[in-house]
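A quick write-up on the structure given underneath.
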Amino acid sequence: MKRIFLNAFVIAGLGLAVTGCKNNNKEADMAETKEVATAEAESMEFTVDTASSVIEWKGEKPTGTHTGTIKVANGSFMANDSVVESGTFVINMNSIEVTDLEGDQKSNLEAHLKGTVEGKEGDFFNVNEFPEAIFEVTGISEEEGQPMLQGNLTIKEETKNISFPVNISNDGEMMEITSEEFTIDRTKWNVNYGSKSVFDGLGDKFINDDVTLKINLKAKKA
5 MKRIFLNAFV IAGLGLAVTG CKNNNKEADM AETKEVATAE AESMEFTVDT ASSVIEWKGE
65 KPTGTHTGTI KVANGSFMAN DSVVESGTFV INMNSIEVTD LEGDQKSNLE AHLKGTVEGK
125 EGDFFNVNEF PEAIFEVTGI SEEEGQPMLQ GNLTIKEETK NISFPVNISN DGEMMEITSE
185 EFTIDRTKWN VNYGSKSVFD GLGDKFINDD VTLKINLKAK KA
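Terminal number for the sequence shown in my numbering: 226, no gaps in between.
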């Protein structure tokens, strides 16, 4: 398989990004919104296979950890030979699933995360008002030999540019983009429920601001 590297595009100012490492996972570098990358006219399109693409998530609190998945609604990437030049994928927030619980506990937590419980719509993602999240590629950098995918992530109409480690491969017909585990601070997208950095007096009844993500995308040649 050929290794693919995205064009470096609009990476000036990365020195302002916040970096760190928590829970042995890379914390996504974060900066202000950047210009979305564009592709050359002769570029080849790859369409995301939504059936085999998934985002895994993990949230933690003092009393335990919850894990789950979110589906990708659609997406595509443009590549010129062995270089990916641009891309976007849309995340279906209605597809949030909890994988570590069963029965009522599972359905109750899923409903709370989605905001489909009356009176708790704004606690987390409020999917009726914000049914989609979007990631738009802005470029790539390299950190100690590791490709770092950069893009604008929009959740609940709040957009931040993030950068996280990825492995990207292509056999001419199928492209696969797989991230290492990385974390984002949910409060940067106004997901504040249970955050001790936002609310006082929570004691040990808080939920960590950092959410761990792992992205697995497969895209077919269009």
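The beta carbon of each residue, even a glycine, is placed where N, CA and C say it ideally should be.
Linking ASN194 to LYS160 through their CA atoms gives a straight-line distance of about 8 Å. Closest option to ALA77, judged by alpha-carbon separation, among VAL58, GLY63 and LYS65: VAL58. Note that the stretch 170 to 179 does not touch the stretch 205 to 212; fewer than 3 beta-carbon pairs, one per stretch, sit closer than 8 Å.
In this chain, LEU117 is not harboured by any beta strand (DSSP E); it is covered by the alpha helix (DSSP H) spanning 107 to 118.
Between PHE50 and LYS200, the C-beta spacing is not below 8 Å.
Rounded to the nearest angstrom, the gap between the Cα atoms of ASN220 and THR187 is 15 Å.
THR191 and ASP204 have their C-alpha atoms spaced approximately 15 Å apart.
Note that the stretch 62 to 77 touches the stretch 102 to 111; at least 3 beta-carbon pairs, one per stretch, sit closer than 8 Å.
Counting C-beta atoms within 10 angstroms of its own C-beta, ASP208 has fewer than 16 neighbours from the protein chains shown and is therefore classed as exposed. A direct Cα-to-Cα measurement between GLY79 and VAL52 gives close to 5 Å.
Selection MET97, GLY176, GLY198 and THR182 evaluated against GLU136 yields MET97 as nearest (Cα-Cα). Buried is the label assigned to SER183, since at least 16 other Cβ atoms lie within 10 Å of its Cβ.
Counting only the Cα atoms, ALA32 lies some 18 Å from VAL40.
For ALA223, the number of other beta carbons within 10 angstroms of its own is at least 16, and it is reported as buried. In the structure shown, THR42 falls within a coil segment according to DSSP collapsed to helix, strand and coil.
As computed with DSSP, GLY155 is found in a beta bridge with VAL141 and ILE166.
With 16 or more other CB atoms across the displayed protein chains lying within 10 angstroms of its CB, LYS164 is buried. Per the C-alpha coordinates, the member of GLN109, GLN154 and LEU206 positioned closest to ILE181 is GLN154. Minimum Cα-Cα distance from ASN130 among the listed residues GLU46, GLU185 and TYR197 corresponds to TYR197. By the beta-carbon neighbour count (other beta carbons within 10 angstroms, threshold 16), SER90 is buried. Taking the C-beta atoms as reference points, PHE81 is found no nearer than 8 Å to PHE139. The alpha-carbon separation between HIS116 and TRP61 amounts to approximately 16 Å.
DSSP places SER47 outside both helix and strand once states are collapsed to three, so it counts as coil.
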